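Residue numbers (the numbering used here): 1 to 469. Think of the CB as a built atom: it goes at the ideal place given N, C-alpha and C, for glycine as much as any other residue. Since we're looking at a predicted model, the values are computed, not measured. For reference, the structure discussed in these notes is given below.
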Ligand code: AMP
């Protein structure tokens with residue numbers, strides 16, 4: 001998972017807006033970040049391993065100004081956390097940088113495209129899918145003389161998977177999405193300048209008004225002539241029922257900020273509706289509703305409002321610990337849970353608690369939390385989960401572990417309940433989740449129901465199996 005941003009102005013330097021936007025999207029990727037800018041004549045790049053404030057605490061150099069550019073925060077799904085896998089990826093020729101690209105998603109025929117390019121003499125520095133996107137477009141543009149819009153269209157036909165991408169040249173900015181629109185990408189303006197971003201808080205911080213989402217399969221360009229929208233011809237046909245979208249429902253469950261609008265919904269609203277659904281279909285007797293902060297706050301609030309039970313903040317989160325999931329080893333993840341949450345004994349003492357979390361992936365967090373909450377005096381723990389059982393891996397950009405590591409693919413509901421030591425356990429059903437969004441047929445639920453909307457090439461499956469992911 002990652003976050004991308006693009007900026008275009010006819011005159012104003014956008015470096016600060018790009019960096020502030022990346023900072024608003026830090027939760028989408030904490031491992032590395034980068035920015036590419038152009039002043040209209042020269043394309044420059046600065047990127048590094050670390051948080052936005054570490055890599056961009058200072059402007060890279062005085063001449064790092066640009067009236068157009070793109071930026072990225074990285075959370076690796078394809079390729080390890082090495083400098084050569086950081087984004088944006090810049091392609092240079094003898095006369096300097098010709099384009100820089102950053103993308104959010106994961107492509108499923110990575111090896112097929114990479115080998116095709118290697119057979120034509122293209123070298124690869126790392127193993128990140130963004131590099132394949134950048135080099136495929138550059139190859140079609142430089143070696144085949146294709147205009148960039150045609151090269152991107154060709155990419156959309158040949159490369160399968162999820163990509164919400166921003167591309168910058170010395171004079172133009174491009175934003176485009178895969179035809180299924182798996183990952184979010186929105187754009188806004190203050191009437192003069194433009195920002196394109198994975199999440200809308202990156203527009204808010206720059207005081208840009210939301211205009212629209214980049215459509216599935218759409219290409220949008222910005223240059224001195226203004227903005228041009230080029231919808232995908234197949235998507236136009238889709239309105240007649242041929243191709244559909246596959247928006248990632250997990251963006252609304254966990255990944256996006258609650259103040260993000262994506263796929264036509266505010267994540268906060270979807271989460272509250274999930275909480276209300278859980279409450280309306282529940283008959284448990286309890287005293288208090290407590291969220292596992294922060295991602296399940298709105299779900300727990302929705303539950304409390306619909307059930308009439310009091311909402312309490314019983315777990316205090318230390319905001320200086322990264323997401324526990326990110327720690328690669330189990331032992332460090334265990335420790336991470338205790339570093340991250342501390343219980344408020346006065347909230348739990350003698351209470352029957354509805355403990356709400358957004359998802360159970362490996363089961364580590366819930367088990368540790370249940371022990372902690374019981375240790376703080378709770379008499380009963382009723383675990384409620386704001387998503388269905390996570391039983392399948394994601395091939396489109398969410399870093400879900402291998403199926404063997406998913407507790408939901410190995411155990412029955414009652415075994416999971418026993419493992420996490422809850423008195424009762426209930427998940428949201430797929431049907432229940434569907435009732436929380438408009439037009440559910442336009443969403444991807446593959447991590448819950450195993451129905452993959454984009455065929456996953458065999459080579460990708462093998463690669464993931466070998467890597468144990
Ligand atoms: P666990 O069950 O211990 O593997 O972790 C579940 C917790 O991790 C949930 O409470 C979520 O808040 C969080 N989580 C779920 N999916 C992801 C993901 N793809 N990346 C990072 N954290 C996640």
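* Using the rule of at least 16 other Cβ atoms within 10 Å of the residue's Cβ for burial, across every protein chain shown, is residue 323 buried or exposed? -> In the chain shown, the residue the question calls residue 323 occupies position 323. Summary for residue 323: the model assigns pLDDT 47, below 50, so the residue's position carries little reliability, and this model does not support an answer.
* **residue 95: CB within 7 angstroms of a non-hydrogen atom of the ligand AMP** => Counted from its first residue, the chain shown places residue 95 at position 95. Flag unset: Cβ of residue 95 not near the ligand AMP.
* Between 259, 217, 248 and 180, which lies nearest to residue 210 when the distance is taken from Cα to Cα? -> Residue mapping note: residue 210 aligns to position 210 of the chain shown, counting from 1. Comparing Cα-Cα distances from residue 210 to each of 259, 217, 248 and 180, the minimum goes to 259.
* Asked: Based on Cα-Cα distance, which residue from 352, 318 and 349 lies nearest to residue 337?
  -> Position 337 of the chain shown, counting from 1, holds the residue named residue 337. Measuring from the Cα of residue 337, the nearest candidate turns out to be 318.
* **Residues bridged to residue 307 [DSSP beta-bridge criterion]** => Translated into the one-based positions of the chain shown, residue 307 becomes position 307. Assignment of beta-bridge partners to residue 307 by DSSP yields no partner.
* **Residue burial classification, residue 454 (beta-carbon count within 10 angstroms, cutoff 16)** => For the purposes of this step, residue 454 is taken as residue 454 along the chain shown, with counting starting at 1. It is buried - the Cβ of residue 454 has at least 16 other Cβ atoms within 10 Å.
* If you scan the stretch 4-35 from start to end, which runs of the alpha helix (DSSP H) of 4 or more residues do you find wholly inside it? -> 15-24
* Would you tell me roughly how many angstroms separate the C-alpha atoms of residue 87 and residue 391, rounded to the nearest one? => Counting from 1 along the chain shown, the entry for residue 87 is found at position 87. Counting from 1 along the chain shown, the entry for residue 391 is found at position 391. When rounded, the distance between both Cα atoms is 30 angstroms.
* **CB of residue 401 within 8 angstroms of CB of residue 367, strictly** => In the chain shown, the residue the question calls residue 401 occupies position 401. In the chain shown, the residue the question calls residue 367 occupies position 367. Not closer than 8 angstroms, so no.
* Asked: What is the rounded straight-line gap between the Cα of residue 256 and the Cα of residue 182?
  -> Along the chain shown, read from residue 1 onward, the residue named residue 256 stands at position 256. Along the chain shown, read from residue 1 onward, the residue named residue 182 stands at position 182. So the two alpha carbons sit approximately 13 angstroms from each other.
* To do: For residue 272, count neighbouring C-beta atoms within 10 Å of its own C-beta (all shown protein chains included) and say buried if the count is 16 or more, exposed if not.
  => The residue given as residue 272 occupies position 272 in the chain shown. Per the 10 Å Cβ criterion, buried.
* Local conformation of residue 187 per DSSP, three classes -> Along the chain shown, one-based indexing puts residue 187 at 187. Looking at residue 187 - three-state DSSP - the assignment turns out to be strand.
* DSSP-derived helix/strand/coil call for residue 476 -> In the structure as shown, the chain begins at 1 and stops at 469. Residue 476 is therefore absent and cannot be evaluated.
* Go through its chain and collect everything with a Cβ distance to residue 122's Cβ below 8 angstroms, but skip five positions before and after it. => Your numbering for residue 122 matches position 122 in the chain shown. So the qualifying residues of the chain are 135 and 139.
* To do: Report back the beta-carbon spacing between residue 303 and residue 289 to the nearest angstrom; my notes put them in contact at under 8 angstroms.
  => Along the chain shown, read from residue 1 onward, the residue named residue 303 stands at position 303. Along the chain shown, read from residue 1 onward, the residue named residue 289 stands at position 289. Right, the Cβ-Cβ distance comes to about 5 angstroms (below 8 angstroms), so this counts as a contact.
* To do: Kindly indicate which three-state DSSP category residue 255 falls into: helix, strand or coil?
  => Position 255 of the chain shown, counting from 1, holds the residue named residue 255. Here residue 255 sits in helix by DSSP.
* Is the stretch 216-230 close to the stretch 400-415, with three or more CB pairs under 8 angstroms? -> Taking one beta carbon from each stretch, the stretch 216-230 and the stretch 400-415 have fewer than 3 pairs nearer than 8 angstroms; the two do not touch.
* To do: Could you check what DSSP says for residue 385 in three-state terms: helix, strand or coil?
  => Here residue 385 corresponds to residue number 385 of the chain shown, with the count starting at 1. Reduced to three states, the DSSP call for residue 385 is strand.
* Classification of residue 124 by the beta-carbon crowding that lies within 10 angstroms, buried from 16 upward -> Reading the chain shown from its first residue, position 124 is the one you call residue 124. Exposed, since its Cβ has fewer than 16 Cβ neighbours within 10 Å.
* Ranges of the alpha helix (DSSP H) found wholly within the stretch 133-195, counting only runs of at least 4 -> 148-158
* Starting from residue 269, trace the alpha helix (DSSP H) both ways and give me its first and last residue. => Indexing the chain shown from 1 puts residue 269 at position 269. Counting along the chain, the alpha helix (DSSP H) containing residue 269 begins and ends at 267-280.
* Asked: Under a Cβ-count criterion, where at least 16 other Cβ atoms within 10 Å of its own Cβ denotes burial, should residue 280 be classed as buried or exposed?
  -> Taking the first residue of the chain shown as position 1, residue 280 is located at position 280. By the 10 Å Cβ count, residue 280 comes out exposed.
* Asked: Excluding five sequence neighbours on each side, which residues of the same chain lie with their C-beta closer than 6 angstroms to the C-beta of residue 389?
  -> Numbered from its first residue, the chain shown carries residue 389 at position 389. For residue 389, where only same-chain residues beyond five positions count, the Cβ hits under 6 angstroms are 408 and 427.
* Any heavy atom of the ligand AMP within a distance shorter than 7 angstroms of the CB on residue 254? -> Within the chain shown, residue 254 is the residue found at index 254, counting from 1. Flag set: Cβ of residue 254 near the ligand AMP.
* Asked: If you compare alpha carbons, which of 41, 191, 36 and 23 is closest to residue 54?
  -> Your numbering for residue 54 matches position 54 in the chain shown. Nearest option by C-alpha distance: 23.
* **Burial state of residue 31, where buried means 16 or more other Cβ atoms lie within 10 Å** => Counting from 1 along the chain shown, the entry for residue 31 is found at position 31. So residue 31 ends up on the buried side.
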